[in-house]
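A.B. asks: Can you read through this structure? Questions will come right after.
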Amino acid sequence: MRRFWIWAAAAAAFAFAPVAASAQQPIIIKFSHVVADATPKGQAAIKFKEVAEQLLPGKVKVEVYPNSQLFGDAKEVEALLLGDVHFIAPSLSKFEKFTKVLQVYDLPFLFADMQAVDKFQDGKVGQDMLKSMEKKGLLGLNYWHNGLKQLSANKPLLAPEDAKGVKFRVQSSDVLVSQFQAVNANPQKLAFSEVYQALQTGAVDGQENTWSNAYSQKYQEVQSDFTESNHGLLDYMVVTNAKWWNGLSPEIREGLTKAMKEATAVNNKVADDLNKEAKGKIAASKAKIHQLTPEQRKKWQQAMEPVWKKFEKEIGPDVIDAAQKVGNSS
Ligand code: LMR
Numbered sequence: 618m619r620r621f622w623i624w625a626a627a628a629a630a631f632a633f634a635p636v637a638a639s640a641q642q643p644i645i646i647k648f649s650h651v652v653a654d655a656t657p658k659g660q661a662a663i664k665f666k667e668v669a670e671q672l673l674p675g676k677v678k679v680e681v682y683p684n685s686q687l688f689g690d691a692k693e694v695e696a697l698l699l700g701d702v703h704f705i706a707p708s709l710s711k712f713e714k715f716t717k718v719l720q721v722y723d724l725p726f727l728f729a730d731m732q733a734v735d736k737f738q739d740g741k742v743g744q745d746m747l748k749s750m751e752k753k754g755l756l757g758l759n760y761w762h763n764g765l766k767q768l769s770a771n772k773p774l775l776a777p778e779d780a781k782g783v784k785f786r787v788q789s790s791d792v793l794v795s796q797f798q799a800v801n802a803n804p805q806k807l808a809f810s811e812v813y814q815a816l817q818t819g820a821v822d823g824q825e826n827t828w829s830n831a832y833s834q835k836y837q838e839v840q841s842d843f844t845e846s847n848h849g850l851l852d853y854m855v856v857t858n859a860k861w862w863n864g865l866s867p868e869i870r871e872g873l874t875k876a877m878k879e880a881t882a883v884n885n886k887v888a889d890d891l892n893k894e895a896k897g898k899i900a901a902s903k904a905k906i907h908q909l910t911p912e913q914r915k916k917w918q919q920a921m922e923p924v925w926k927k928f929e930k931e932i933g934p935d936v937i938d939a940a941q942k943v944g945n946s947s
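Numbering-wise (the working numbering), the sequence shown opens with residue 618 and increments by one.
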């Protein structure tokens with residue numbers, strides 16, 4: 618009998634030892650994203666790690682995985698819902714499966730500049746959108762900016778007719794598909810990590826993205842012509858697993874919220890500079906950058922206008938109205 622108790626005590630000590638030890642271990646927090654470090658999102662994710670670890674020393678360890686290293690476009694939301702990562706920041710175009718309201722951000726020529734985007738996101742409609750996927754397990758914490766998108770191909774795109782028959786890579790968004798169909802192009806949904814190779818092999822002929830994404834992915838090596846069209850927005854929502862987040866202690870949640878706030882400020886501060894810098898580097902490469910005259914830009918806008926009507930019901934006319942009110946008012 619005595620032997621049994623000795624054995625039971627040893628077994629209990631063994632069983633509880635890891636639990637006791639792990640109580641002192643920091644919580645490992647994984648932040649996965651698909652872009653390079655030298656982009657607004659890349660910089661902000663690094664800032665989040667620094668501030669979170671500084672505010673919660675020994676309590677959290679944040680691991681940042683850039684460049685689709687851990688999960689690419691197709692898998693990152695699923696991984697978040699399964700608890701394999703804790704933060705992701707997909708572009709707003711990639712939430713279509715979860716909510717339709719965010720499609721408003723993909724409407725072409727809606728926001729004139731990033732001040733207009735800020736106004737919309739700071740308002741009630743924009744803030745409510747952060748919670749629009751909560752029932753599906755995704756909680757939006759903040760918006761992070763990248764900037765306005767530009768077009769590229771292996772020929773100048775100056776008039777909407779120039780896009781006819783061009784195979785454009787688009788993110789997984791039906792609005793973006795319709796946008797290119799409106800100018801008789803052939804849009805193809807493709808994960809971000811596959812774009813360079815698709816452009817290189819000719820699987821697609823063109824793409825739309827911000828300067829910083831284009832330059833950091835070296836699109837200037839495989840695209841001869843860029844057009845400064847500013848025709849659409851690339852913006853992100855930092856999302857976490859709602860259940861995981863609500864299960865954190867108030868102290869950890871508060872620290873992470875503060876870190877996220879600082880990271881957001883850094884993101885939005887560097888976004889514009891990184892895009893300008895990347896544009897300069899593309900201009901200095903062998904690729905050409907074309908400017909549109911106001912008349913040419915108007916023609917693209919008119920050609921893409923039917924997309925608004927097509928998605929009005931899905932997105933909600935009130936949401937489009939609210940965005941439009943601030944969209945061009947800055
Ligand atoms: C894209 O797929 O083009 C972008 O959403 C990538 C990113 O996260 O900026």
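All C-beta atoms, glycine included, are put in the ideal place defined by N, C-alpha and C.
(1) What is the C-beta distance between I932 and V694, in whole angstroms, given that I count them as a contact (C-beta under 8 Å)?
(2) So which of F737, E713 and K878 has the shortest CA-CA distance to L758?
(3) Output needed for M750: all residues of its chain with C-beta closer than 8 Å, excluding positions within five of it in sequence on either side, in chain order.
(4) Assign A691 to buried or exposed, taking buried as 16 or more other Cβ atoms, counted over all protein chains shown, within 10 Å of its Cβ.
(5) Check each candidate in Q720, S710 and V681 and name the one with the smallest Cα separation from V702.
(6) Near P657, which residues of its chain fall below 6 Å by C-beta distance, leaving aside the five closest residues on each side in sequence?
(7) For S708 and Y760, what's the separation of their Cα atoms in angstroms?
(8) Taking the alpha carbon of V936 as the point to measure from, which residue in Q796, L873 and K741 has its own alpha carbon closest?
(9) Excluding the 5 residues preceding and the 5 following F728 in the sequence, name in chain order all residues of the same chain whose CB lies nearer than 6 Å to its CB.
(10) Under 7 Å: does the beta carbon of Q837 sit that close to some heavy atom of ligand 1?
(11) Among the residues of its own chain, which have a CB less than 6 Å from the CB of A802, if the five just before and after it don't count?
(12) Identify which residue in Y853, K915, K893 and W862 has its Cα closest to the Cα of H650.
(13) Measuring CA to CA, which of I663, Q840 and A940 is closest to I705?
(14) Using the rule of at least 16 other Cβ atoms within 10 Å of the residue's Cβ for burial, across every protein chain shown, is A637 buried or exposed?
(15) Just the C-alpha distance for A940 and V721, rounded to the nearest angstrom, thanks.
(16) Measuring straight from C-alpha to C-alpha, what distance separates S810 and S790?
(17) In chain order, what residues of the same chain have a beta carbon less than 7 Å from the beta carbon of K567, not counting five sequence neighbours either side?
(18) Excluding the 5 residues flanking V677 on each side, which residues of the same chain have their C-beta closer than 6 Å to its C-beta?
(19) Under the three-state reduction of DSSP, which class applies to Q805: helix, strand or coil?
(20) Do V794 and P804 count as a contact pair if the criterion is CB distance below 8 Å?
(21) Using a 10 Å radius around the Cβ and a threshold of 16 neighbouring Cβ atoms, would you call L699 buried or exposed?
(22) Ends of the beta strand (DSSP E) at N647?
(23) Starting from L816, follow the alpha helix (DSSP H) in both directions and report where the run begins and ends.
(24) Less than 8 Å separating the beta-carbons of F648 and F665?
(25) Please indicate yes or no: does the CB of F665 lie closer than 7 Å to some heavy atom of ligand 1?
(26) Relative to the C-alpha of Q767, which candidate in V821, N830, Q641 and E667 has its C-alpha closest?
(27) For the beta strand (DSSP E) containing K905, name the first residue and the last one.
(28) Relative to ligand 1, is the shortest distance from any of its heavy atoms to the C-beta of D690 smaller than 7 Å?
(29) To the nearest angstrom, how far is the alpha carbon of A653 from that of K930?
(30) For L807 and Y836, which I take to be in contact (beta-carbon distance under 8 Å), what is that distance rounded to the nearest angstrom?
(31) Name the residue from S833, T844 and D745 whose alpha carbon lies nearest to the alpha carbon of R914.
(32) So, are the CB atoms of L585 and I869 less than 8 Å apart?
(33) Is V883 close to ligand 1? I mean its beta-carbon at under 7 Å from any heavy atom of the ligand.
(34) By a C-beta neighbour count over all protein chains shown, 10 Å radius and 16 as the cutoff for buried, is N863 buried or exposed?
C.D. replies: Reading off the structure:
(1) Counting from one through the sequence shown, the residue named residue 932 turns up at place 315. Counting from one through the sequence shown, the residue named residue 694 turns up at place 77. In this structure I932 does not touch V694 by the C-beta definition: roughly 20 Å separates them, more than the 8 Å allowed.
(2) Reading the sequence shown from its first residue, position 141 is the one you call residue 758. L758 has its Cα closest to that of K878, out of F737, E713 and K878.
(3) In the sequence shown, the residue the question calls residue 750 occupies position 133. Answer for M750: F712, F715, T716, L756, G757 and V856, listed in chain order.
(4) Here residue 691 corresponds to residue number 74 of the sequence shown, with the count starting at 1. Per the 10 Å Cβ criterion, exposed.
(5) Counting from 1 along the sequence shown, the entry for residue 702 is found at position 85. The residue from Q720, S710 and V681 with its alpha-carbon nearest to that of V702 is V681.
(6) In the sequence shown, the residue the question calls residue 657 occupies position 40. So the list reads N763, N884, V887, A888 and L891, once near-sequence residues are dropped.
(7) Reading the sequence shown from its first residue, position 91 is the one you call residue 708. Reading the sequence shown from its first residue, position 143 is the one you call residue 760. Going by the C-alpha atoms only, they are around 9 Å apart.
(8) Position 319 of the sequence shown, counted from the start, is the residue given in the question as residue 936. Here the closest residue by C-alpha is K741.
(9) Counted from its first residue, the sequence shown places residue 728 at position 111. Taken in chain order, the residues that qualify are V734, L850 and G944.
(10) The residue labelled residue 837 in the question sits at position 220 within the sequence shown. Result no, Cβ not under 7 Å from ligand 1.
(11) Translated into the one-based positions of the sequence shown, residue 802 becomes position 185. Hits under 6 Å: A780, V783 and F785.
(12) The count along the sequence shown starts at 1 and reaches residue 650 at position 33. Of the listed residues, the one whose Cα sits closest to H650 is Y853.
(13) The residue you call residue 705 lines up with position 88 of the sequence shown. By alpha-carbon distance to I705, the top candidate from I663, Q840 and A940 is I663.
(14) As a working note, residue 637 is residue 20 in the sequence shown. Residue placement at A637 is poorly supported in this model, since its pLDDT is 37, which falls under 50; the coordinates still yield a value, given next. Exposed, since its Cβ has fewer than 16 Cβ neighbours within 10 Å.
(15) Mapped onto the sequence shown, residue 940 falls at position 323. Mapped onto the sequence shown, residue 721 falls at position 104. Taking the CA atoms as reference points, A940 sits about 8 Å from V721.
(16) To locate residue 810, count along the sequence shown from 1; it is residue 193. To locate residue 790, count along the sequence shown from 1; it is residue 173. Straight-line Cα distance between these residues: approximately 16 Å.
(17) With the chain running from 618 to 947 in the structure shown, residue 567 is simply not present.
(18) Taking the first residue of the sequence shown as 1, we reach residue 677 at position 60. Closer than 6 Å at Cβ, skipping near neighbours: P643, I644, I646 and A669.
(19) Your numbering for residue 805 matches position 188 in the sequence shown. Note: Q805 maps to strand in three-state DSSP.
(20) Taking the first residue of the sequence shown as 1, we reach residue 804 at position 187. Taking the first residue of the sequence shown as 1, we reach residue 794 at position 177. Closer than 8 Å, so yes.
(21) As a working note, residue 699 is residue 82 in the sequence shown. Counting every other CB atom within 10 Å of its CB across the protein chains shown gives L699 a total below 16, marking it as exposed.
(22) Taking the sequence shown and counting its residues from 1, the one referred to as residue 647 is at position 30. As written in the sequence, residue 647 is Lys, which differs from the Asn given in the question. Element bounds for K647: I644 to S649.
(23) On the sequence shown, position 199 is the one that residue 816 refers to. For L816, the enclosing alpha helix (DSSP H) covers residues V812 to T818.
(24) The residue labelled residue 648 in the question sits at position 31 within the sequence shown. The residue labelled residue 665 in the question sits at position 48 within the sequence shown. In this structure, F665 lies closer than 8 Å to F648 by Cβ.
(25) Taking the sequence shown and counting its residues from 1, the one referred to as residue 665 is at position 48. Every heavy atom of ligand 1 is 7 Å or more from the Cβ of F665, so no.
(26) Here the question's residue 767 lines up with position 150 in the sequence shown. Checking every option, the nearest Cα to that of Q767 belongs to N830.
(27) In the sequence shown, the residue the question calls residue 905 occupies position 288. K905 -> beta strand (DSSP E) spans K905 to Q908.
(28) Here residue 690 corresponds to residue number 73 of the sequence shown, with the count starting at 1. Yes, the beta carbon of D690 sits closer than 7 Å to at least one heavy atom of ligand 1.
(29) Translated into the one-based positions of the sequence shown, residue 653 becomes position 36. Translated into the one-based positions of the sequence shown, residue 930 becomes position 313. Straight-line Cα distance between these residues: approximately 36 Å.
(30) Position 190 of the sequence shown, counted from the start, is the residue given in the question as residue 807. Position 219 of the sequence shown, counted from the start, is the residue given in the question as residue 836. Actually they do not touch by this definition, with Cβ atoms about 13 Å apart.
(31) Against the sequence shown, residue 914 aligns to sequence position 297. Out of S833, T844 and D745, T844 has the C-alpha closest to the C-alpha of R914.
(32) This structure does not reach residue 585, given that the chain is present from 618 up to 947, and the question cannot be answered.
(33) Taking the sequence shown and counting its residues from 1, the one referred to as residue 883 is at position 266. The answer is no for V883.
(34) Sequence index remark: in the sequence shown, residue 863 carries index 246 (1-based). Label assigned to N863: exposed.
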